[in-house]
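Residue numbers (the working numbering): 30 to 272.
Given below as structure tokens:
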């Protein structure tokens, strides 16, 4: 049987979280009559992330980069599925996610798309911080022509290749850039950029747990630097040096 789905997971020391993510993919696999490949990009891991991934049958790709775009691209290069799905190691897809992705892509109406996130816990600080981030992203959204969901990207491999994957010159906001370029490609073929309607992605609130629910507002200088997409110091502080 040919591999229809390749699910790409970038992972840096994720042994506490990745098992839950992998189990959610296995549950979603049961809802489709297709082969699903899981690729875990073990980025600079010093814990048991790779062992946990192999336990669930994932292909493990060692990686030493400090750029989330190149980490994701490395996973795609190592995969062989016709449909590419990306999800973070501390996130969980719902059991109907792969089935809904397949239905939308096979309808011929969609070039690909994303999903809406939901934190595994909520507080006033997290709600206000999320609103603050959304407010700062509005100019990017307007420039891109409207709301573009992310969190878990999905598209056909051929279209991933057509847009050149994730832009490795960006150290942040690579997700918004990917969504914008995928939407632009879809427009050329008369297809829409879609958002999963039945499926949500439950994502970890661990950064809030570690730094406090208001930390994005307390360190607005760093947060604004992240929105440039090219501030290496801010990206390291926000993504790569937190655990």
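Built from N, CA and C at the ideal position, the CB exists for glycine as well.
From a predicted model like this one, the values you see are computed outputs, not experimental measurements.
Cβ pair residue i, residue j closer than 7 Å
{"i": "residue 109", "j": "residue 32", "result": "yes"}
{"i": "residue 137", "j": "residue 178", "result": "no"}
{"i": "residue 83", "j": "residue 89", "result": "yes"}
{"i": "residue 123", "j": "residue 229", "result": "yes"}
{"i": "residue 223", "j": "residue 184", "result": "no"}
{"i": "residue 118", "j": "residue 60", "result": "no"}
{"i": "residue 199", "j": "residue 206", "result": "yes"}
{"i": "residue 221", "j": "residue 125", "result": "no"}
{"i": "residue 192", "j": "residue 211", "result": "yes"}
{"i": "residue 181", "j": "residue 97", "result": "no"}
{"i": "residue 91", "j": "residue 232", "result": "no"}
Simplified DSSP assignment, three categories, for residue i
{"i": "residue 45", "result": "coil"}
{"i": "residue 113", "result": "strand"}
{"i": "residue 122", "result": "strand"}
{"i": "residue 158", "result": "helix"}
{"i": "residue 231", "result": "strand"}
{"i": "residue 147", "result": "strand"}
{"i": "residue 200", "result": "coil"}
{"i": "residue 40", "result": "strand"}
{"i": "residue 90", "result": "strand"}
{"i": "residue 130", "result": "helix"}
{"i": "residue 236", "result": "helix"}
{"i": "residue 153", "result": "helix"}
{"i": "residue 215", "result": "helix"}
{"i": "residue 306", "result": "Because the chain here runs from 30 to 272, residue 306 falls outside it and cannot be looked at."}
Integer Cβ distance of residue i from residue j, believed to fall under 8 Å
{"i": "residue 78", "j": "residue 103", "result": "Rounded, the Cβ-Cβ distance is 15 Å, inconsistent with contact."}
{"i": "residue 37", "j": "residue 114", "result": "7 Å"}
{"i": "residue 68", "j": "residue 107", "result": "6 Å"}
{"i": "residue 195", "j": "residue 112", "result": "About 16 Å separates the two Cβ atoms, so there is no contact after all."}
{"i": "residue 13", "j": "residue 225", "result": "The structure shown does not extend to residue 13, since the chain is modelled only from 30 through 272, so no value can be given for it."}
{"i": "residue 70", "j": "residue 100", "result": "5 Å"}
{"i": "residue 242", "j": "residue 155", "result": "5 Å"}
Residues that DSSP places opposite residue i in a beta bridge
{"i": "residue 142", "result": "183 and 223"}
{"i": "residue 35", "result": "66 and 113"}
{"i": "residue 75", "result": "Residue 75 pairs with nothing; no bridge assigned."}
CB contact check: residue i to chain E, cutoff 7 Å
{"i": "residue 222", "result": "Protein chains in the displayed structure number just one, and chain E is not present."}
Counting beta carbon pairs with one atom in the stretch 224-241 and one in the stretch 134-152, are three or more of them shorter than 8 Å?
yes
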